[in-house]
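Undergrad: In UniProt numbering, the protein residues as written are 1 to 273.
#1: Quick one: Cα of residue 158 to Cα of residue 172, how far?
#2: Please report the Cβ distance between residue 200 and residue 102, rounded to the nearest whole angstrom; I am assuming they are in contact, meaning their Cβ atoms lie under 8 Å.
#3: Evaluate residue 252 with the Cβ neighbour count: other Cβ atoms within 10 Å of its Cβ, from every protein chain shown; 16 or more gives buried, anything less gives exposed.
#4: Just to confirm my understanding: we take residue 178, look at its own chain, exclude 5 residues before and 5 after, and list those with CB closer than 8 Å. What are they?
#5: Would you call the CB atoms of residue 40 and residue 119 closer than 7 Å?
#6: Taking the runs of the beta strand (DSSP E) that are 3 residues or longer, which of them lie wholly in the segment 20–75?
#7: Just the Cα atoms here: how many angstroms apart are residue 107 and residue 208?
#8: Would a C-beta distance cut-off of 7 Å place residue 192 and residue 57 closer than the cut-off?
#9: On a Cα-Cα basis, can you pick out the residue from 75, 124, 79 that is closest to residue 95?
#10: Between 203, 24, 225, which has its C-alpha nearest residue 249's C-alpha?
#11: Would you list the residues sitting across from residue 17 in a DSSP beta bridge?
#12: Hey, could you find the ends of the beta strand (DSSP E) residue 198 is sitting in?
#13: If distances are taken between C-alpha atoms only, which option among 266, 270, 28 comes closest to residue 99?
#14: Between the beta-carbon of residue 274 and the beta-carbon of residue 227, is there less than 7 Å?
#15: Between 46, 88, 109, which has its C-alpha nearest residue 76's C-alpha?
#16: Which of the three DSSP states, helix, strand or coil, is assigned to residue 262?
#17: Please confirm whether residue 148 and residue 73 have their CB atoms less than 7 Å apart.
#18: Between 61, 38, 181, which lies nearest to residue 9 when the distance is taken from Cα to Cα?
#19: Under the rule that 16 or more other beta-carbon atoms within 10 Å means buried, what is residue 169, buried or exposed?
#20: Tell me the DSSP secondary structure of residue 173 in three-state form.
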């Protein structure tokens, strides 16, 4: 297993395949780098170097009791990028990984980043506040924490249903996809996943987005039941200096898996453009 050790002693597991321009993939909550298997294999065949890591407390990385905040997540990515000496890199973040990628690019990416892609991403802010009236009420995230603490295995068995849109008419439930989601989630630490709910819901990325000047593709399904498009992609694309917004009719939150062919095609066009 490949891993780096950060300043606080955390081991961050990563995959690093191929050569060429690097693409760094940032996974969503509560998953792991395995969630990017389809994209990594596809872009490896297209001649790119593909890299993905397990966020601290997730997958095969150290189950740390602390450090589950966006600043630390971004610093972990910065340590990985420095270790691998990544230059001219493209960062692709899904969901929580979109927040991590945005914070990394804004704070640490100068001279290292060529492009950014946000897919079903949490920025600029998921939580409903006086300044963000379109966000989700705190009770939604309190509910996630309550379910996780009470019975994580059962919670992770039901969560993939809206994640992939399996509750929509005409969308059959894929038990292999559901089981793979559950497998990834259960690999990680309950404490890390519990704390990460606050990280992805309460972090305000507005200033990060305003600082980012690299070309950025914002991709979002208009039937995303996990990160509603109106208070995420529609706002992020306006805050970014150099953004292209692509909205996908009927696509769910887990579109990178359920509509991988479309996502990969549009990603490739953006990377080559």
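Note that the Cβ used here is the ideal one computed from N, Cα and C, for glycine as well.
TA: The answer reads as follows:
#1: 15 Å
#2: Actually they are not in contact, since the Cβ atoms of residue 200 and residue 102 sit about 12 Å apart, beyond 8 Å.
#3: Buried: at least 16 other Cβ atoms inside 10 Å.
#4: Setting aside the 5 residues that flank it on each side, residue 178 is surrounded in the same chain by 157, 160, 161, 164, 166, each with a C-beta closer than 8 Å to its C-beta; the list follows chain order.
#5: no
#6: 22–26, 49–53
#7: Whole-angstrom Cα-Cα distance: 8 Å.
#8: yes
#9: For the residues 75, 124, 79, the minimum Cα distance to residue 95 belongs to 124.
#10: 225
#11: 50, per the DSSP bridge assignment.
#12: No beta strand (DSSP E) holds residue 198; the alpha helix (DSSP H) holding it covers 190–202.
#13: 28
#14: Any property of residue 274 remains undetermined from this structure, which presents the chain solely from 1 to 273.
#15: Cα-wise, what sits closest to residue 76 is 109.
#16: helix
#17: no
#18: 61
#19: exposed
#20: Here residue 173 carries a coil assignment [DSSP, helix/strand/coil].
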